[in-house]
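Novice: I'd like to ask you about the structure that follows.
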Amino acid sequence: MSKILYVEDNLANRLLVKRVLEAAGHTVLEAVDGLEGIRVAQESTPDLILMDINIPGMDGYEVTTRLKSIPELKDIPIVALTAKVMAGDREMALTAGCDGYIPKPIDVDLLPTQVDEFLGGKREEDPAAQECVYLRQYSQQLVDRLESKIAELTQANAELQRMDELKSRFISIAAHELRTPLTVMQGYLTIILDPSTGFHLDDNLIEMLRGMEKGIDRLNRIVNEMLDVTKIEGGTLDLHLGPLAIKDVLSRAIQQQRPFAQQRGQQIIADDFGGYPLVYGDPERLLQVFCNLINNGIKYTPDGGTIRIYGHVIHADGDLRTTEPVVSQGDVLEVIVEDTGIGIDPDDQERIFLRFYEVKDPSLHSTSQSRYLGGGIGLGLAIARGIME
C-alpha cells in the first residue's frame, strides 16, 4: 500500500481522487495549499505527491521547487495534476522539478494505472532543445512573484512605519495632556498635607492622602518616561554635558534603589570608583540610566539575591585595564550592573530594549518597583539605551 499526498484546493477534486485511489489500495493524504503540502510531506514522507498547479499562495511550480530542495524529500516523485492546457504547461512543470504531468479532467479509469506507473519509477523528461526556453519562462515567473511580494512587503513596511509614527505622536500628546492635571493634583495635595496650612486631618485621612501621593508620583514617573522616549526618538532630548565623577552618580543611584532591594532582602554591592578620573556626560541622565538598570536587576532577581556594580577601563587599543584606572584619550570606562537573577533568554536579549517590550506574558503584568518580576510600562531599558546612544 502506497502513501500518496494530493495538494489541491478544490474539495470536489480532492474527494474524487481520494475515492479513486483508495479504491485502488492506496492511502491518500490531503493538503489545501502549498504551505500545508510542504508541512504534510515533511511529517509523513509520502511515496508520491500529486500537485495541482493552480493553488492559492505559492503555486504548484514554486511548491515543487521547494519540495525538491529539501534533502529528505527530493527523491519523492511529484506529478503535476492540473487543468492548465496552455502550450508549454507540461514543460514548465517538468522544468520546475515535476516528474510527470497528468492533465485534468481526470480519467478515473486511467488514473490508478498512471499513478502506479510513477510509483514504479516512470519519469517524464523535458526535450533538451526546449529546456532553456522553459527554464527562462519559469525563472521569469519566480521573479515576477518575488517582485510582487517585495512590493507587498514594502507597502506593509510603510504602513507599519506610519502606525509607529502615529503611536509616537499619541504617546507624546497623551503625556503632555496628563502632565497638567497631575501637576494640579500634586499641588493641591501638597497644600492639604502641609501642617502649616491649618487643615485638620485624622490619621486615616492622612494615610489615604499619602496613598494618593504615591499614585500621583507613579503616574508622574510614567508620564516622564513617555516624554523621554519620544524625545529620544525625535532627537530632542536635552543633555547638559560636563565633567563628572562616576562614583558620585553611582552613589546617588544606589541610595535611591537600595530601599527597594532591602524590601526583598537583596544586597547591592559596588566597587569603589573613586580612583577613576572624571568622565564627560550628563549626571542626571546617567543617574537615570543607572537607576533603571539597578531597578531592573532588583525586579528580576529572587529574594536574597545580589546586584553587583563594577567597572574597568577599556584602552583605545582594546586592552582591558582592571587594576590601573589611568585614562587617556580614546579610552572607555565600562560600568557593569550584574545580578544573580533569572537571566535573559537569547531570543529576548535584543528585544528587551524595544519600547513597551516585556519578557513575560503581558496578561500577568503587575506594576512594581521592587516586587519579583514586577513590571513597569516597558520603557526603562529603552530609555537607558537611548540616553547612552
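So the sequence shown is numbered by my numbering: it starts at 811 and just counts up by one.
From the three backbone atoms N, C-alpha and C, an ideal C-beta is built for every residue, glycine too.
These figures come from a predicted structure and were not determined experimentally.
Within a Cβ cutoff of 7 Å, which residues of the same chain sit near Leu1088, ignoring the five residues on either side of it in sequence?
Specialist: On the sequence shown, position 278 is the one that residue 1088 refers to. The residues are Pro1053, Leu1054 and Ala1055.
Novice: Using the C-alpha atoms, what's the distance from Glu1168 back to Val842?
Specialist: Taking the sequence shown and counting its residues from 1, one reaches residue 842 at position 32. Taking the sequence shown and counting its residues from 1, one reaches residue 1168 at position 358. Spanning the two alpha carbons is a distance of roughly 37 Å.
Novice: Buried or exposed: which applies to Thr1133, given that a residue is buried once 16 or more other Cβ atoms fall within 10 Å of its Cβ?
Specialist: Here residue 1133 refers to the residue found at position 323 when the sequence shown is read from its first residue. Any reading at Thr1133 needs caution, since the residue's pLDDT is 49, under 50, leaving its predicted position unreliable; the model's value is listed next. Exposed, by the Cβ-count rule.
Novice: Among Ala851, Ile1117 and Ile1187, which has the Cα closest to the Cα of Glu882?
Specialist: The residue given as residue 882 occupies position 72 in the sequence shown. Out of Ala851, Ile1117 and Ile1187, Ala851 has the C-alpha closest to the C-alpha of Glu882.
Novice: So Cys908 and Ala890 are supposed to be a Cβ contact under 8 Å. How far apart are they, rounded?
Specialist: Your numbering for residue 908 matches position 98 in the sequence shown. Your numbering for residue 890 matches position 80 in the sequence shown. Between Ala890 and Cys908 the Cβ distance is about 4 Å, and since that is below 8 Å, they are a contact.
Novice: Within the chosen definition, does the segment 1061-1068 reach the segment 1001-1020 through at least 3 CB pairs nearer than 8 Å?
Specialist: no
Novice: Could you have a look at Thr837 and say whether DSSP puts it in helix, strand or coil?
Specialist: Taking the first residue of the sequence shown as 1, we reach residue 837 at position 27. Three-state result, Thr837: strand.
Novice: Suppose only complete runs of 3+ residues qualify. What are the beta strand (DSSP E) ranges in the segment 1012-1087, listed by chain order?
Specialist: Along the segment 1012-1087, the beta strand (DSSP E) occurs as fully enclosed runs of 3 or more residues at 1052-1054 and 1077-1080, listed in sequence order.
Novice: By the 10 Å Cβ neighbour count, where 16 or more other Cβ atoms means buried, how is Pro915 classified, buried or exposed?
Specialist: The count along the sequence shown starts at 1 and reaches residue 915 at position 105. Burial call: exposed.
Novice: Please name the residue, chosen from Asn1034, Ile814 and Ser1061, that lies closest to Ile1187 on a Cα-to-Cα basis.
Specialist: As a first step, residue 1187 is located in the sequence shown; it is residue number 377 there, counting from the start. Here the closest residue by C-alpha is Asn1034.
Novice: Is the segment 826-835 close to the segment 921-930, with three or more CB pairs under 8 Å?
Specialist: yes
Novice: Restricting to Cα atoms, I'd like to know which of Leu860, Glu846 and Pro856 is closest to Pro866.
Specialist: What you label residue 866 is simply residue 56 of the sequence shown in a count that begins at 1. Comparing Cα positions, the closest option is Glu846.
Novice: What would DSSP say about Lys914, mapped onto helix, strand or coil?
Specialist: On the sequence shown, position 104 is the one that residue 914 refers to. Coil at Lys914, not helix or strand.
Novice: Within the continuous alpha helix (DSSP H) that includes Leu920, where are the two ends?
Specialist: Along the sequence shown, read from residue 1 onward, the residue named residue 920 stands at position 110. Note, Leu920: premise wrong, no alpha helix (DSSP H); not H, not E.
Novice: Pick helix, strand or coil for Lys884, following the three-state DSSP scheme.
Specialist: For the purposes of this step, residue 884 is taken as the residue at position 74 of the sequence shown. It is coil, neither helix nor strand.
Novice: Please look up how many angstroms separate the CB atoms of Ser812 and Leu929, rounded, as I've assumed it's under 8 Å.
Specialist: Sequence index remark: in the sequence shown, residue 812 carries index 2 (1-based). Sequence index remark: in the sequence shown, residue 929 carries index 119 (1-based). The Cβ separation is near 5 Å, so the contact holds.
Novice: If you draw a straight line from the C-alpha of Ser879 to the C-alpha of Glu901, how long is it?
Specialist: Here the question's residue 879 lines up with position 69 in the sequence shown. Here the question's residue 901 lines up with position 91 in the sequence shown. Approximately 19 Å, taken between the alpha carbons.
Novice: How far does the beta strand (DSSP E) with Glu853 in it extend, from its first residue to its last?
Specialist: Stepping through the sequence shown from its first residue, residue 853 is reached at position 43. Counting along the chain, Glu853 falls outside any beta strand (DSSP E), though it belongs to the alpha helix (DSSP H) covering Gly844 to Ser854.
Novice: According to DSSP, is His986 part of a helix, a strand, or is it coil?
Specialist: Looking up residue 986 in the sequence shown gives position 176. His986 falls in the helix class under three-state DSSP.
Novice: Roughly how many angstroms separate the alpha carbons of Ser1173 and His1010, rounded to a whole number?
Specialist: Residue mapping note: residue 1173 aligns to position 363 of the sequence shown, counting from 1. Residue mapping note: residue 1010 aligns to position 200 of the sequence shown, counting from 1. Its pLDDT being 47, under 50, Ser1173 is placed unreliably by the model, and nothing is read from it.
Novice: Give the DSSP-derived three-state secondary structure of Glu811 in the structure shown.
Specialist: The sequence position of residue 811 within the sequence shown is 1, counting from 1. Here residue 811 turns out to be Met, not Glu, going by the sequence shown. Looking at Met811 - three-state DSSP - the assignment turns out to be coil, as it is neither helix nor strand.
Novice: From the DSSP secondary-structure annotation, give me the bridge partner or partners of His1125.
Specialist: The residue given as residue 1125 occupies position 315 in the sequence shown. None, per the DSSP bridge assignment.
Novice: So the beta strand (DSSP E) Ile859 belongs to, where does it begin and stop?
Specialist: Indexing the sequence shown from 1 puts residue 859 at position 49. Leu858 to Met861 is the span of the beta strand (DSSP E), which, as asked, contains Ile859.
Novice: Note the first and the last residue of the continuous beta strand (DSSP E) segment covering Leu1191.
Specialist: Start at 1 with the first residue of the sequence shown, and residue 1191 comes out as number 381. Run containing Leu1191: none in the beta strand (DSSP E); it sits in the alpha helix (DSSP H), Gly1190 to Met1198.
Novice: Which residues in the same chain as Ala939 place their Cβ atom closer than 6 Å to its Cβ, once the five residues preceding and following it in sequence are excluded?
Specialist: Looking up residue 939 in the sequence shown gives position 129. At Ala939 the pLDDT is 42, less than 50, meaning the model places this residue with poor confidence and gives no usable figure here.
Novice: In terms of residues, what are the limits of the alpha helix (DSSP H) holding Ile1108?
Specialist: The residue you call residue 1108 lines up with position 298 of the sequence shown. Pro1093 to Lys1109 is the span of the alpha helix (DSSP H), which, as asked, contains Ile1108.
Novice: Measuring CA to CA, which of Ala903, Asn864 and Ile848 is closest to Arg876?
Specialist: Numbered from its first residue, the sequence shown carries residue 876 at position 66. For Arg876, the nearest C-alpha among the options comes from Ile848.
Novice: So, are the CB atoms of Gly1151 and Gly1190 less than 8 Å apart?
Specialist: For this step, residue 1151 is matched to residue 341 along the sequence shown. For this step, residue 1190 is matched to residue 380 along the sequence shown. At least 8 Å separates the beta-carbon of Gly1151 from that of Gly1190.
Novice: With distance defined between alpha-carbon atoms, name the residue in Met1018, Met1198, Pro1156 and Arg1028 nearest to Leu1097.
Specialist: Your numbering for residue 1097 matches position 287 in the sequence shown. The candidate whose alpha carbon is nearest that of Leu1097 is Met1198.
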